[in-house]
Amino acid sequence: MRQTNILEIIQTLGPITGNQIAEKLNLSRAALRSDLAILTMSKLVSAKPKVGYYFTGRDLQQLNTMSFDAILIADTLSSPIVVRENSTVYDAIVTLFTEDVGTIFVVSEDNFLEGALSRKDLLKAAMGGKNNNDLPVNIIMTRMPKIILTTPEESVLSAAQKLLYHQVDALPVVKIIKEGETTKYQVVGRFTKTNITRLFVQLAEK
Numbered sequence: 001m002r003q004t005n006i007l008e009i010i011q012t013l014g015p016i017t018g019n020q021i022a023e024k025l026n027l028s029r030a031a032l033r034s035d036l037a038i039l040t041m042s043k044l045v046s047a048k049p050k051v052g053y054y055f056t057g058r059d060l061q062q063l064n065t066m067s068f069d070a071i072l073i074a075d076t077l078s079s080p081i082v083v084r085e086n087s088t089v090y091d092a093i094v095t096l097f098t099e100d101v102g103t104i105f106v107v108s109e110d111n112f113l114e115g116a117l118s119r120k121d122l123l124k125a126a127m128g129g130k131n132n133n134d135l136p137v138n139i140i141m142t143r144m145p146k147i148i149l150t151t152p153e154e155s156v157l158s159a160a161q162k163l164l165y166h167q168v169d170a171l172p173v174v175k176i177i178k179e180g181e182t183t184k185y186q187v188v189g190r191f192t193k194t195n196i197t198r199l200f201v202q203l204a205e206k
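Each residue of the sequence shown is one higher than the last, beginning at 1 in the UniProt record's numbering.
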């Protein structure tokens with residue numbers, strides 16, 4: 001029923017953003033992610049960055065297949081787990097286990113990506129014999145350009161292929177910002193194997 005309501009709103013008011021749809025239904029944007037993903041996968045609606053969702057005109061009775069490359073990272077991402085670049089290794093270890101994640105990202109005060117820390121990185125540091133309360137994370141973190149990125153506009157399929165090919169368990173979701181000749185990456189989320197599993201479960205339940 002909710003997907004029907006969403007489809008009616010998009011048909012009547014599209015193009016319309018996910019936030020505007022959520023306001024019409026008095027729901028949060030996060031609550032609509034799976035519904036919008038299914039409608040996009042089924043190709044009843046499509047979406048364009050900075051424009052919104054619009055009705056494709058397809059007849060529901062004509063649908064035979066669904067394509068995962070139609071679901072965007074923006075519809076499935078999780079909140080980023082980060083530490084500041086001036087944090088210590090001890091701070092990072094506490095964050096990793098408190099948040100129960102496999103990878104955390106190191107950001108500047110302006111939330112721009114500086115590095116990434118895996119469980120393996122922190123384990124090596126913990127066993128290195130140094131005082132982790134004094135050791136800064138920028139000594140052990142992986143730096144750009146060795147960090148594999150994704151963006152809200154990338155498809156779930158493409159990002160999942162990156163996870164498998166590069167054998168990592170998380171990708172930072174970034175907004176790319178150009179400042180003259182400098183490119184910066186503002187961290188807006190994370191995409192992990194858990195996000196993929198959750199998407200499968202949501203689709204199965206629907």
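All C-beta atoms in this analysis are idealised placements derived from N, C-alpha and C, irrespective of residue type, glycine included.
Only buried fits SER34, as 16 or more other CB atoms lie within 10 angstroms of its CB. For ILE6, the enclosing alpha helix (DSSP H) stretches over residues 2 to 13. Within 10 angstroms of the beta-carbon of GLU109 lie fewer than 16 other beta-carbons, which makes it exposed. At least 8 Å separates the beta-carbon of VAL187 from that of LEU96.
Here the alpha carbon of ASP121 sits roughly 13 Å from the alpha carbon of LEU135.
In the three-state scheme derived from DSSP, where H, G and I count as helix and E and B as strand, ILE81 is classed as coil.
If you check the CB distance, THR88 and ASN138 do not come in under 8 Å.
Listed in chain order, the non-local C-beta contacts of VAL83 below 7 Å within the same chain comprise ASP91, ALA92, THR95, ILE104, VAL106, VAL137, local neighbours out to five positions each way being set aside.
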